[in-house]
Every structure is written in structure tokens, then in C-alpha cells.
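When we follow our numbering, the leftmost residue of the sequence shown carries the number 25, and every step to the right adds one. Data first, discussion second: the structure below is written as C-alpha cells.
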Amino acid sequence: MSGLVGTVFERSTTSKPSTPFAPGSSASAGFPQATHRSKKSAFARAREAANPAPRDFVPLVVPTGPNPSQGRVKDSDEWRDRMSKENELRVEAMTEEEREQDRQEIFERFGPGIADVLRRAREAREKSIEPTSPRPTSPRPDPLPPALVSPSPSGTRPSSRASKKLRFAQVTPNDVHVYDSAPPSPKKQALALLPPSANDDAVSLGSLTPQDAPPKEPEEGTPEYIRRRFFPSVPAHNPDLAWMEDIPPPVGSSGPAPSTLRFDLSGNSLAAAEHSSLPTHLGLHHHPPDEDGVQRAGYTLDDVFLMTRSGVKAQRAASMRMLVGIARWAQSNGEDDLKARILAAGIDALAERGSLGLHAVEVVCESMQPESIEYIPGVELGQPTKDIPLAHLLPQIAAALATHAESSRDAPSLDRLLAILRYLAHATNAVATEIVSTPALIATIYRTFLLSSSQVSPTNAVTALTLLTILASSSRANAQSLSQPADALLRFMTSFPPPDPALLIATLDFYKTLATYGLYSHIASTARLPLAELARYVSENTQNTALVTAWAALLESWIVCATDPHHTTPEHDIVWSQVAASGWGSDLLAVAAKLGTTEEEYGAWASVWRAIGAWLEGVRINGVRGGEQERGECLVVVKPAFEIEGRSENVVIGAVLNMLSASLEDVDPEMVHVGHLADTITAAIRLWLACLPPLNGAPLAEPPFGLPFSQISNICAKLATHPIWAQLSNCGASHARYRPLVSLLSRYLRLSKHLPDVSQDAWMAQALAILSRLLPGDEDFAVEIGNEIIDLLTPEWAASRAFAVPHAFWDKGGLAILKPFIVHIVRPRSDVYVGPVFVSPRSIKHSTTQRLPAVLSKDYAMPARRDWTLAPIDHLLRSGVSPAFQNLPASWDASEVDVTRAALLLTNICREISSRFSFAEFVLTREEAVFGCMKVFMLEHGQAHSDSAEEVFRDQLVGQLMDNLLAKYTGSASSDDLERVAASFLGASTPFYQYYTDFVALYDAISVSHHTFAKLLLPPTAMRYAVDYRRHLWNDFAHILKSIRVSPESMFGEVEEYLWPLETDAQMLGAYLRALVKDSVQGMLRLVALHHVASSIWLGDDRAEKLLKAIVEQGSHELVADVVRYHKVQGEAAASGEIGDETRKVRQAFCERVGLRDRLRGLLQ
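Here it is in C-alpha cells:
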């Protein structure tokens, strides 16, 4: 290029151009004359003096030969190509080891990055070479190149060639898409270009073909990046490095990944085909064209979440509106991670004003879906809340309530916020506590919904009151916090008729919930006049059954609080004199006289009867002469109502009993209808019991009023053993559906004690059955029934039933020493107290919650296990940490032997009574009895006794009671499992196998051939259990087999369980063979070993020949005869000593095949 282009010089003008203005002649005034920048400076003049003057024009240069530099470049390229070919040939001739050696030398000399350096150098060299394209050939000779610059300047531009025109690529109508739905612009109609004519002489410049995108380099730090940089010779997909690769998407996942999705302004997902086809006027083309030159429509998730952090509220509001639709999409597609992100974005904007805050509320509500959840009263929902940032959400809801309440009190956003709070309140008691403890949240709810006058929606106010009731039922602490501003709710009880009865009913429910903890009952005296007006209004409007039910339930709770004012918080918050002065008993009787007999009124009847029953129970304690006068006045009204045909009470009771009896034939899985009917019968029984005079142990002369006792007894007997109990699961929702049925059974048990045709033993059998049906919340009743059963079991009772118990046992307290244990058996933790269905003076003081847990844990012992009578032995085994031993009364004085005796005696008695009255479902199973007796022996585990007489199991009465208990299961079959039974005591962390190994080791250490101890070693070795149990006894402790002398006839359980299926484990067959050959087993153990060895021989086992030869060569003549003649068919009572002809022939053939025919000929004849 230096030979073609000369130095460029700036020429000096030789003539001045003519200007319309003549320059000034004097420079003495005005601005100084400007000096042109083209004048040479001193440095330029010095250079010109040193150098010769160049030519003032560029000469015409015509290249006639190659440029020397081009020649050098060509020679260099030829040299590089030649060396490259020589290197390739040399590398091809090398072996793999030589190549690897040279590669390592290069890495050692230049470092591991030399490959990267060489690669960059090659790429730079390739980029420096200009790509050349071949010139089109032409038959005409090429003209000489014209001069680059003309010596004389020309004032005209060169003319273009007239024969050539320029145009763009040919465009056909098919290449242009016209959108019929809407034009790109409202003012212009899109037109397609016409196709070019046939004689068009325009020259096409060609169509644009986009270049391929450069290959994407892997991200730094990824396995592929490391492979390319440091291990280029390693294959791309090395199985050894698969653990470093990203986890692929789950197989079967439908739809595109969320990162590739695009959404419209409503949050609807756009199909992939719509990304490039939607018109531009929809406002979705905000992205620049991508690498393919296509401007795609829609917003990606990253776009939407970026807009949620925008400083422009309009953009944030638009993003929230889109997130509502995206949340629906995430819900339907199971995108939990995306839902969490959407929820967090919505929570951040909850407290904003205007449309932004409204859409944010909608986003949070759509993410949590509170409207789609079914709530069951009195049960924790238990929904997972780990992804919900409660610490951030709850203060935001408080601020949002205040913000949205100022703008519109009827806005749907307020409904959504209340729905969210209701969902959280139902979730768990811990979440409810967080709601109550959130600063300003409860105060905002009161101020927004309950302290306003006309601006608040009644529906929102009712929802807010329901929310407060749910929060109060969650825990005693929450109820105490919510009771402080409860005076404000009296405004809903001051005017009658109320503007909205639903508000009045919700207020009564809230006050009733507080009263179940003994709280806020002083309002009964503070608001005496409004309550009196309320009683008159309820009496005049009994057709409003919901109001009657709520009012009677509130009076019931306040009456219970006044029954024992020492249990209220604070004490004496309400006293009985206030109840008597209020005349609630008369009010309840007046309302009952006006109720009808329709099915819709059954709930009101039940509530009124329960309240009257609570009032009569309180009168018996606090009234004069046990409330004789009040009870007589009540019976004057109640007795004829229940006994005279056609009276309302008589009609209702008869109808309900008939409906309940029919419903038990086909029970609805939800059991709602059955529960309502059971509630009505339960309330009637409670009223009957409350009408009883103080008996003080004397028999009842006559019932207070008549009831269909036989029909009630039949229904309860059928209900106690109904198949529906098999559907009772471990969740709180299931228990809530069964609570009305359990309440009916528990009240009937109180009733049956006074029925003349129910004996003492029959009542005990009923009590034992119903104890197994009680649920959390019924612990107090369970303790009462357990204590009553113990009180009935006197020495006289035991002697009359042939229970031989020495007088020394009764002199030390008898079964009464078990009473302190019963409290802890039914309630393992004293700080977990679920309120009962019927509040009591004890429950209002001690209950910690009114809700059942979502899932029952070990903190709840109800329903009681069948082996609850053996639970005192559990406390003996864990006496160091047992709460029973830590809370024993000072007068309690009993030894381990005394407690064990009492527990075993109670177990024997309960088993005997339940069996006699055909309550087989509630009888102790064989595995429960076996494990209970095993725990008696394990009392000696880890104990250091100097005298064996101190061991509990050696006590004569203990041994006798264990033998009596186990004897009931001799030869009986069972479908229970020892491992399952033991899990309730051992827990999940200790397997039963570990317990069994300790049990066997304890027998080896201290048993001295104890007969019962030895029998308890065998049940886990039955064939339905794992082979590890048999290996442990027959191999690891083979030396104790001689001491186990158990006959098949005395073995509890079926002998078949130890024989079938046949043993296939080689180690066990060897142990059986060794025990037989050494003659170290007898009785049951010899039968088991003989059966498995002989059956393995004659049924064609692979080891048959070796087993038979070992028996013949090492065993005694008696053993060989027993093996040869052994024949046992599964299902037969016992093994036969004789074999049939066909069997004899088969065995003779086998003996002949193994070469033992001559030696065994006499035994097979």
C-alpha cells in the first residue's frame, strides 16, 4: 500500500477568494486580525528545511509486479503449511504412549494453560486473514485500472451506468403476513407489496442470510468448562463425572420450563406459536429482537418479577395484575417454587395504596388459596406454612387492613385479607399465636370491622368475629389476650331486634369460647340488663334456631364457671348467686316450651337441654339441700314433657332415636347427620342424669322421668362395636367427626349404672369397651371411669369370682395403688389439655386449647390401648423419668412387686370380664399379653441384685398371674404382630430385635430355667418373623437351648406358626441339624428342628442328600428313625409316625439314589 498512496499534504492557497466584505484596513481598533491555522509553525518550517520539498501532486502509479511484502507473506504461509503437514505425519506415526509423554512435557515446560494460549493464537491468525471470494469470469478482457487520482480537479461527479438499477430482494405477497384481527396502527391499513413485473430490469442484491450464532462457551466453573480448559482429551460425557452435572428435569414433566414461558398482561400463558405471531398493538412487544432477529411477544417471569421492583407504581401494579394469572397457572401445574416467589412479591406490596395494593392482596390470596380449603371446627388444619414468611406477612396484613379500610370498607380486598387470616388461624395453634402477638393486628381488626358504625359491611364484621373465635379457641394465652378488648363487642347486644342477627350470634359464640377457659365470665353481671333483654328476645324468636343454640351454649359455659368459681380466671369472676339472680334456669325452661319438633330444631333442643343439665348440676352443688327445690320445679315441667305422648320432648326423642338407629345401618362417611342425632340423645341423657337426687351410693328408687332406655341401650351397644371405628384414623379431622358418638357412649355409661337390668360386671364390661373409644379431650372422664373400676374390685368381689388373691395384697392397698398411674396413662403430658365437648369446672381451669391436633402424636394417649392395664409396668421400667413417679402423693408407699402384682391382677380381671360379655374386640391380644409379660422380666435388666429372691418375676403371685394370663392363649391363633405391639413402648428409634437380644441375654444371665421366661423366648422365632430372631436363639445362644423345656401342648399360640413355611436358610438348617445330632433340644424345640430338617430331606431340597447322610452317620438310632418316618402335612393337627405306601416308595428310591438304601431298609419296610 505504501507504493500506491503517497504522503498527503495540505496545500497553501495562492489566491484569495473574493468575499462580499472588504477586510478592515486598520488593526488598531476592534478585535485583532485572525491568524489562519494553516500557517506553518516554527517546528514545521524547521522540518522543511531539513527535508527536501516533496512533490505537490500524487503521481500515477500502475503496479506491474507483485509486492515484496505479499511475497513474504506467501512464503511464510507455505512454510507454515509445510511444517504443519510434517508435524501431522510425525504425530500419526507416534504411539499413544509417546503422544501422552510429549503432551506431559509440553504441560511441564509451558504450564497447563498452553493449550488455551495456542488456541487463541490460532483464532487470531485466522481472523487476520481476509476471506477472498473468486471474481466472476467474463469473456471480455479486463480493462487497465484507471488512475486513482486525477492531476487536475474536476467539478463534476462521474455519471452512473444507466443500464443498472438497484432494488431490494424480491418480495412476494406470500412473504408478507397481514393480520386481519387488528391493524398494526389504528390509522393505517397494512398493504402487501406487488410482485415485480416480468420485464423489470432491477438487479437484486440477494437475500439476507443470517450467520450462524457463535457457539456458546460454557459457564466458568461448570464441569464442561473444566473439561475443555484442563482435560481436553477427556470425552464430553464421562460417566465418572455425571455426579457433577446439573440435575435433569423430572421425567414426565409436562409443558415448557417456567423460564421459557411468556405471559400476556392478564397473566395468561402464551403458546410458543403466539410468541412471534401476535400483533404489536397488544402491548406485548417490549423486547428487542433476539439473536434470530425475531421480536417476541409476551413477558417472561424475569420480566414480571423485575417490574415488581420498579419505581413506577403503574408498572408494579401491572406486574401484580399479571402475577394473579401466573399464580393460577403455577397452582394448576404444581410449580411450588414459583408460587413461593409470587407470594413473596405480593407480600411486599400488600401495604401499598391504590391499585397496586389491591392487586397485591389478590396475588397473596391466589397464592395461598384460602377459599378452596375445607375447615372443620375445633381441629387444627395442619397445612404446611413453612413457605409462608409469617414474620413479614402478618405486619403487612395489619398495614394493608388499615390502608384499604380508609379507601373502601366494602372492597373485596378486605374479604380476601380476612380469608387469609382465617386460613392462617386454622393452620396450627402456633400460627394463631403469631397472629395474636403481631403488633397492631388485632387492634386493626377491631378498629376496621368491629368499632365502625355504618361503613363496615355486616358480612365482614361476622367474618372478623369468627376469626377472633378461632384464635381464642387455639390456646388459653390467645384467649386471654383477646378478652381484653372484648367489651367493645357489647354494642352488638344492646338493641333488640338486632340489625343483623348474625352479628349477635357471632358475638355469643366468641364469649362462649372465652368462657370455656373460665375467662371473661364477669360480663354476665356487668351486662345483666342487656342479657335479660336478650333472653326475652330469644324466647320470642325461637324460630331462629341458630340464635337459640348460641345463647343456650353461652349460658351453659357461664353456669359451669359459676359452679366452682375457684376455677375461673380470675377466681370468683362469676359466682352462683349471680346465676340464681339472673333466673337463667327459668329462661331456659321457657324457651324449651316454645321449641317445635322439626328436624331443624334438634340442635336447639340439644343446646337447651345441655344448659338446663348444667344448671341442675350446679344447683346440686351450690343450692340449698342439694338443689331439691329447683330440681322439683324443673321436674314438674320436664317429666310430663318426656313421658306424655305427643308432647314436643317426647316426639323429638322418639324421632331422633328412630333416625339414629336407621342411620347406623348405613353410616355416611362424613357422619355429620349421625353426629347431630347423637348430640340430641346425649343432651337428653345429661338432663336425665342432672335430675337425679344426691344418692350417696344408695340405689335409685325410680327414674326422674321416663326415657326409651331399652332402645338407647341397643343403639349404644351396636355403636360400641360398630365397624365404623375401623375407619378412625390418626388425624384430628377424623376424631372431630367421631366426638359426638363418643360423647353419647360416655353419657350412656353414666346412665347404665343406674339401670336395674345392668349388673356390676356388665357395667364394667361396658366401661372397658367405652374406654377404648374415648378421644383426646375425654381424659378426665377416662380417669373417673378407671378409678371407679378399681373401686369396684374389692376383696369380696375377687373372692366371689374365684380370683385367688392373698390378703396381704389387699392389706398393702390392693388395686388402689394404681390410681396415681392412671392419670398419667391417659394424659402423658400435663401441659397438653384439650377441652372436652362438655365443659366442666376442671376443664375451664386446666384446658390449654379447645382444638384437636391435626395429627395425633405420642403426647396423646387416647383412644386407650387394649393393654392400658399393663402400663404401670412401663412406668416401673422408666421410673427415673416417669411423670407418675415424680408426682406421687406423699401417702403412696408401694414396691415394684406391689405395682406389678396390681397391674397383672387388673389385666387378668379386665380380660376375663370382656371375654365373658363377648367384647372380643377389647380383649388383650396374644402378642400384647406376651410383650407385657416380657416387660415384667425386663424389670431385672441392668439391676444388680445380691439375692435372686429380690427379682420381681420370682414372686409367687406375679408368676401365678402371668401364667394365668398366658394360659388363655394356648393354641390360639393371632393376626397381631409383636414388632407392632412393641413399637408403642420402644418407639421408632429402638427396634424390637434389639429388645429381644437383651431379653435372651437376660435369660442366659439370671433365669436358671425359669419356665415362663423360657416360653417367652419362643414367640419371636415363629416363621412369620425375620430369620434373625431364630439365628440369634439357635446359633448365638445355642448353649441355652437345653434349658428350654416347653411342650407343644403348653405352648401359647398355634404350633403351625413355627413349622410353616419351611425353613430355607442354610445357617438355620445347620443349627437345627446340630441341635438334633447333639440331642440338646426337647419338647417344642425338638419338634421344630425335626420338622424342618426332615421336611427339607423328603421334599427334595437341594441339601437333602447331605442332611440325610449327616443324620445317618452322626445321629442316634432314635433320631434316624424319627427323621425317616416323619410325615407332617400342613393343616393337620400333628405329625404322623406312619407313612403311606406311596410315600415309602418315594423315600426308598431317594435312599437308593444316595446310597443309603441298605442302611435304612429296615426303617422303610
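Ideal Cβ placement from N, Cα and C applies to all residues, glycine included. All figures in this text were calculated on a predicted structure; none of them were measured in a lab.
Using the DSSP secondary-structure output, state which residues sit across from glycine 1077 in a beta bridge. Translated into the one-based positions of the sequence shown, residue 1077 becomes position 1053. According to DSSP, which records beta bridges pairwise, glycine 1077 is partnered with Thr994.
In whole angstroms, what is the alpha-carbon distance linking aspartate 204 and arginine 144? Mapped onto the sequence shown, residue 204 falls at position 180. Mapped onto the sequence shown, residue 144 falls at position 120. Confidence is the limiting factor: at aspartate 204 the pLDDT is only 44, short of 50, which leaves the residue's position unreliable, though a coordinate-based value still follows. Each residue's alpha carbon lies about 53 Å from the other.
Spatially closest choice to aspartate 898 from Thr873, Cys957 and Val856, by CA coordinates: Counted from its first residue, the sequence shown places residue 898 at position 874. Comparing Cα positions, the closest option is Cys957.
Which residues in the same chain as glutamate 1129 place their Cβ atom closer than 6 Å to its Cβ, once the five residues preceding and following it in sequence are excluded? For the purposes of this step, residue 1129 is taken as the residue at position 1105 of the sequence shown. For glutamate 1129, where only same-chain residues beyond five positions count, the Cβ hits under 6 Å are Val1178.
Whole-angstrom C-beta distance between threonine 462 and glutamate 404, which should lie under 8 Å: If you number the sequence shown from 1, residue 404 lands on position 380. If you number the sequence shown from 1, residue 462 lands on position 438. That pair is no contact at about 19 Å.
Tell me the residue span of the alpha helix (DSSP H) that contains valine 480. Here residue 480 refers to the residue found at position 456 of the sequence shown. Neither: valine 480 is in no alpha helix (DSSP H) and is coded neither H nor E.
For glutamine 339, which residues of its own chain have a beta-carbon under 8 Å away from its beta-carbon, when the five flanking residues on both sides are left out? Mapped onto the sequence shown, residue 339 falls at position 315. The residues are Met331.
Scan the stretch 353 to 416 and note each continuous beta strand (DSSP E) run of 3 residues or more that stays entirely inside, going in chain order. Correct list: empty.
Is the beta carbon of leucine 640 sitting closer than 8 Å to the one on alanine 750? Position 616 of the sequence shown, counted from the first residue, corresponds to residue 640. Position 726 of the sequence shown, counted from the first residue, corresponds to residue 750. No, Cβ-Cβ distance for leucine 640 and alanine 750 is not below 8 Å.
Among Leu1093, Leu1143, Phe134 and Ala702, which has the Cα closest to the Cα of glutamine 1106? Indexing the sequence shown from 1 puts residue 1106 at position 1082. Out of Leu1093, Leu1143, Phe134 and Ala702, Leu1143 has the C-alpha closest to the C-alpha of glutamine 1106.
Exposed or buried, tryptophan 582, counting other C-beta atoms within 10 Å across all chains shown (16 or more means buried)? Locating residue 582 in the sequence shown gives position 558, where the first residue counts as 1. It is buried - the Cβ of tryptophan 582 has at least 16 other Cβ atoms within 10 Å.
Ignore the nearest five residues each way along the sequence and tell me which others in serine 1031's own chain have a CB closer than 6 Å to its CB. Counted from its first residue, the sequence shown places residue 1031 at position 1007. Answer for serine 1031: Phe1037, listed in chain order.
If we ignore side chains and look at the alpha-carbon of each, how far apart do isoleucine 397 and glutamate 652 end up? On the sequence shown, position 373 is the one that residue 397 refers to. On the sequence shown, position 628 is the one that residue 652 refers to. For isoleucine 397 and glutamate 652, the distance between alpha carbons rounds to 50 Å.
Could you check the C-alpha separation between valine 927 and alanine 840 for me, to the nearest Å? Looking up residue 927 in the sequence shown gives position 903. Looking up residue 840 in the sequence shown gives position 816. Before going further, note that residue 927 is alanine rather than valine in the sequence given. If you take the alpha carbons of alanine 927 and alanine 840, they lie about 11 Å apart.
Check each candidate in Met986, Ser379, Ala384 and Ser334 and name the one with the smallest Cα separation from alanine 351. Translated into positions along the sequence shown, residue 351 becomes position 327. When each option's Cα is compared against that of alanine 351, the closest is Ala384.
With DSSP as the reference, label serine 1104 as helix, strand or coil. On the sequence shown, position 1080 is the one that residue 1104 refers to. Of the three classes helix, strand and coil, the one that applies to serine 1104 here is coil, per DSSP.
For tryptophan 712, the first and last residue of its enclosing alpha helix (DSSP H): Mapped onto the sequence shown, residue 712 falls at position 688. Tryptophan 712 -> alpha helix (DSSP H) spans 696 to 714.
Using the Cβ count rule (16 or more neighbours within 10 Å means buried), how would you classify methionine 517? The sequence position of residue 517 within the sequence shown is 493, counting from 1. By the Cβ neighbour-count rule, methionine 517 is buried, with 16 or more other Cβ atoms within 10 Å of its own.
Between valine 632 and alanine 616, how many whole angstroms is the CB-CB distance? I'm expecting something under 8 Å. Walking along the sequence shown from the start, residue 632 turns up at place 608. Walking along the sequence shown from the start, residue 616 turns up at place 592. Yes, valine 632 and alanine 616 are in contact; Cβ-Cβ is about 5 Å, under 8 Å.
For threonine 593, three-class secondary structure by DSSP: As a first step, residue 593 is located in the sequence shown; it is residue number 569 there, counting from the start. Threonine 593 falls in the strand class under three-state DSSP.
Valine 856 - DSSP class collapsed to helix/strand/coil: For the purposes of this step, residue 856 is identified with residue 832 of the sequence shown, where counting begins at 1. Three-state result, valine 856: coil.
In whole angstroms, give me the CA-to-CA distance for arginine 1185 and arginine 1110. Translated into the one-based positions of the sequence shown, residue 1185 becomes position 1161. Translated into the one-based positions of the sequence shown, residue 1110 becomes position 1086. The straight-line gap from Cα to Cα measures roughly 25 Å.
On a CA-only basis, which of Leu527, Ser476 and Val460 is nearest serine 507? Give me that one, please. Counted from its first residue, the sequence shown places residue 507 at position 483. If we check each option's Cα against that of serine 507, Val460 comes out closest.
Proline 764, enclosing alpha helix (DSSP H) - first and last residue: Here residue 764 corresponds to residue number 740 of the sequence shown, with the count starting at 1. Unbroken alpha helix (DSSP H) run through proline 764: 756 to 776.
Closer than 7 Å: asparagine 988 CB and nearest the ligand FMN heavy atom: Ligands are entirely absent from the displayed structure, and the ligand FMN is therefore not among its contents.
With DSSP as the reference, please indicate the residues paired to valine 879 in a beta bridge. Locating residue 879 in the sequence shown gives position 855, counting from the first residue. Cys755.
By the DSSP assignment, the alpha helix (DSSP H) with valine 9 in it spans what residues? In this structure the chain extends from 25 to 1189, so residue 9 is not present and cannot be described.
Helix, strand or coil for threonine 873? Go by DSSP, reduced to three states. For the purposes of this step, residue 873 is identified with residue 849 of the sequence shown, where counting begins at 1. Correct three-state label for threonine 873: strand.
Just how far apart, CA to CA, sit alanine 373 and leucine 532? Working through the sequence shown from its first residue, we reach residue 373 at position 349. Working through the sequence shown from its first residue, we reach residue 532 at position 508. Computed Cα separation, rounded: 36 Å.
Inter-residue spacing [alpha-carbon to alpha-carbon] between isoleucine 846 and proline 896: Counting from one through the sequence shown, the residue named residue 846 turns up at place 822. Counting from one through the sequence shown, the residue named residue 896 turns up at place 872. Isoleucine 846 and proline 896: Cα-Cα distance of roughly 8 Å.
Indicate whether arginine 320 and arginine 286 have their beta-carbon atoms separated by less than 8 Å. Position 296 of the sequence shown, counted from the start, is the residue given in the question as residue 320. Position 262 of the sequence shown, counted from the start, is the residue given in the question as residue 286. For arginine 320 and arginine 286, yes; Cβs fall inside 8 Å.
Under the three-state reduction of DSSP, which class applies to valine 287: helix, strand or coil? To locate residue 287, count along the sequence shown from 1; it is residue 263. This sequence places phenylalanine at residue 287; valine is not what is there. Correct three-state label for phenylalanine 287: strand.
Expressed to the nearest angstrom, what Euclidean distance is found between the alpha-carbon atoms of lysine 843 and asparagine 811? Locating residue 843 in the sequence shown gives position 819, counting from the first residue. Locating residue 811 in the sequence shown gives position 787, counting from the first residue. Answer to the nearest angstrom: the Cα atoms are 6 Å apart.
Proximity below 8 Å, CB of isoleucine 705 to CB of leucine 743: In the sequence shown, counting from the first residue as 1, residue 705 sits at position 681. In the sequence shown, counting from the first residue as 1, residue 743 sits at position 719. No, these two residues do not count as a Cβ contact at 8 Å.
Local Cβ density within 10 Å of leucine 442, reported as buried at 16 or more and exposed below that: The residue labelled residue 442 in the question sits at position 418 within the sequence shown. Classification for leucine 442: buried.
Give me the Cβ distance between valine 387 and valine 348, rounded to the nearest whole Å; I'm assuming they're in contact under 8 Å. Translated into positions along the sequence shown, residue 387 becomes position 363. Translated into positions along the sequence shown, residue 348 becomes position 324. Confirmed, about 6 Å.
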